[in-house]
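Anchor point for the sequence shown: position 6 equals 5 in numbering that gives the first Met the number 0, and the numbering is continuous, going up by one each time.
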Amino acid sequence: MITNYYFTVPELAGSWLLTLLIQFPLILLLTFNDDAVLLPLERAVHIIEALFVLFEVVCGYFAIRTMVNYQVTKFHLRQFTDLEQLPGEEVHWHDGYDSYHQNLLT
Numbered sequence: 000m001i002t003n004y005y006f007t008v009p010e011l012a013g014s015w016l017l018t019l020l021i022q023f024p025l026i027l028l029l030t031f032n033d034d035a036v037l038l039p040l041e042r043a044v045h046i047i048e049a050l051f052v053l054f055e056v057v058c059g060y061f062a063i064r065t066m067v068n069y070q071v072t073k074f075h076l077r078q079f080t081d082l083e084q085l086p087g088e089e090v091h092w093h094d095g096y097d098s099y100h101q102n103l104l105t
C-alpha cells in the first residue's frame, strides 16, 4: 500500500491536538465533577470513554512520532540519492539496488 505521508501528518497532528486539548479535558471534567448530578450508568460510560480517549492520545502520539521520523529519514535519504544521480539519468529508490547489480554483471 502506497500512501502519501506528507499530507497525512498535519491532519493527524491536528486531530491529535483537538483530542488532547479539547476532548480529553472535557471528558475528565464530566467524569470527576462532583457537582454534576450523574446516574451511575453515566459515570461508568464517562470512565470508559475517558479510557478510550486516553488510549487515542497515547496511540496518536506514537503514530505521529513514527510518521515524522519516517518523513525525516526519507528526506535525508533523498538528499543522498540526489548526489549520486548523474545528469540525464532517472534513478528510483526502489530499483537502484537491482540496477546496480545488473551493471556489475554486464
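A virtual CB, placed ideally from N, CA and C, is assigned to each residue, including glycine.
The Cβ-Cβ distance between residue 56 and residue 80 does not fall below 7 Å. Bounds of any alpha helix (DSSP H) do not take in residue 37, whose DSSP letter is neither H nor E. The stretch 13-32 makes contact with the stretch 51-66; the number of CB pairs closer than 8 Å reaches 3 or more.
Annotation: the continuous alpha helix (DSSP H) that includes residue 26 extends over 23-31. Of the other Cβ atoms in all chains shown, fewer than 16 fall within 10 Å of the Cβ of residue 65; this residue is therefore exposed. Inter-residue distance for residue 30 and residue 75 is about 46 Å (C-alpha atoms, whole angstroms).
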